[in-house]
Amino acid sequence: MPFSHDMVHALAVVVDLINTSPEADGRDSLATLEELEAFILRHQVSGVEYLNPADLAEVRAVRSAFHAVFHAPDQPTAVSQLNALLGRTRITPNLTEHDGFSLHIHYHAPGASVAEHLAADCGVSLAHVLVEDEWERLRVCAAPDCSHVFVDESRNRSRVYCDSRTCGNRIHVAAYRARRRA
Numbered sequence: 004m005p006f007s008h009d010m011v012h013a014l015a016v017v018v019d020l021i022n023t024s025p026e027a028d029g030r031d032s033l034a035t036l037e038e039l040e041a042f043i044l045r046h047q048v049s050g051v052e053y054l055n056p057a058d059l060a061e062v063r064a065v066r067s068a069f070h071a072v073f074h075a076p077d078q079p080t081a082v083s084q085l086n087a088l089l090g091r092t093r094i095t096p097n098l099t100e101h102d103g104f105s106l107h108i109h110y111h112a113p114g115a116s117v118a119e120h121l122a123a124d125c126g127v128s129l130a131h132v133l134v135e136d137e138w139e140r141l142r143v144c145a146a147p148d149c150s151h152v153f154v155d156e157s158r159n160r161s162r163v164y165c166d167s168r169t170c171g172n173r174i175h176v177a178a179y180r181a182r183r184r185a
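Quick note on our numbering: the sequence shown kicks off at 4 and runs consecutively.
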């Protein structure tokens with residue numbers, strides 16, 4: 004499934020958001036407002052003027068909701084969980100150009116909080132993945148010591164590791180060494 008630029012961007016944001024959770028690697032990378040601000044800047048989330056402690060709590064709640072979608076046991080459960088999140092979100096499609104990006108659609112309502120912004124824009128991108136019957140592309144890394152999530156954009160849906168250079172390489176090297184010892 005070819006993804007549009009804004010969809011690829013939103014999916015990367017949701018993956019990175021989920022991977023900041025303690026469930027991903029044992030450390031909460033969104034524990035402070037400073038870390039949330041760095042996340043917002045890194046992903047060029049537009050329209051965020053200031054952050055407060057309530058924003059941090061709300062973003063962490065949205066992160067948990069997205070985490071549940073990626074870890075859903077089946078597509079109907081993922082759909083139900085995503086619908087619950089989107090149902091709590093004001094969605095107002097708006098065509099926009101900003102920060103050097105060509106014309107694209109934002110789904111968050113004007114004046115939305117950063118959590119609602121992430122829920123709307125990332126949630127709609129995940130909804131498109133589910134509508135296109137591509138649920139199996141929402142994956143959890145197959146490395147036994149990694150819980151990161153990713154979106155498998157490979158042509159034949161064969162990607163199993165969040166990063167082939169770290170997790171994939173580590174698993175392949177371990178298998179090679181085991182074969183050499185045998």
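For every residue, glycine included, the Cβ atom is placed at its ideal position computed from N, Cα and C.
Candidates 71, 121, 185: closest to residue 143 by CA position: The shortest Cα separation from residue 143 among 71, 121, 185 belongs to 71.
Check whether residue 112 and residue 88 have beta carbons under 8 Å apart: no
Where residue 158 falls, given that 16 or more other Cβ within 10 Å makes a residue buried: The residue in question, residue 158, is exposed, as its Cβ has fewer than 16 Cβ neighbours within 10 Å.
For residue 107, the three-state DSSP class (helix, strand or coil): strand
Alpha carbon of residue 10 to alpha carbon of residue 184, nearest angstrom: 45 Å
Burial state of residue 8 (16 or more Cβ within 10 Å): Counting Cβ neighbours within 10 Å, residue 8 comes out exposed, since fewer than 16 surround it.
Simplified DSSP state of residue 86, which is helix, strand or coil: In this structure, DSSP gives residue 86 a helical state, which the three-state scheme calls helix.
Inter-stretch contact (C-beta, 8 Å, three-pair minimum) for the stretch 45-52 and the stretch 102-120: yes
CA-to-CA distance, residue 161 to residue 154, given in whole angstroms: 11 Å
Rounded C-alpha distance that separates residue 116 from residue 56: 12 Å
Euclidean distance between Cα positions of residue 101 and residue 77: 37 Å
Burial state of residue 23 (16 or more Cβ within 10 Å): buried
C-beta atoms of residue 239 and residue 151 nearer than 8 Å: Because residue 239 is not part of the residues shown, which for the chain are 4 to 185, the question remains open.
Own chain residues within Cβ distance below 6 Å of residue 93, not counting five before or after: Spatial neighbours of residue 93 in its own chain (CB-CB distance under 6 Å, excluding positions within 5 residues in sequence) are listed in chain order as 112.
Distance, residue 182 Cα to residue 46 Cα: Cα to Cα, residue 46 sits roughly 42 Å from residue 182.
Completely contained beta strand (DSSP E) runs for the stretch 19-74, where each covers 3 or more residues: Restricting attention to beta strand (DSSP E) runs no shorter than 3 residues, the stretch 19-74 encloses none.
Helix, strand or coil at residue 156 [DSSP, three-state]: coil
Three-state secondary structure (DSSP) of residue 151: For residue 151, the secondary structure class from DSSP, reduced to helix, strand or coil, is coil.
Exposure of residue 126, with buried meaning 16 or more beta-carbon neighbours within 10 Å: buried
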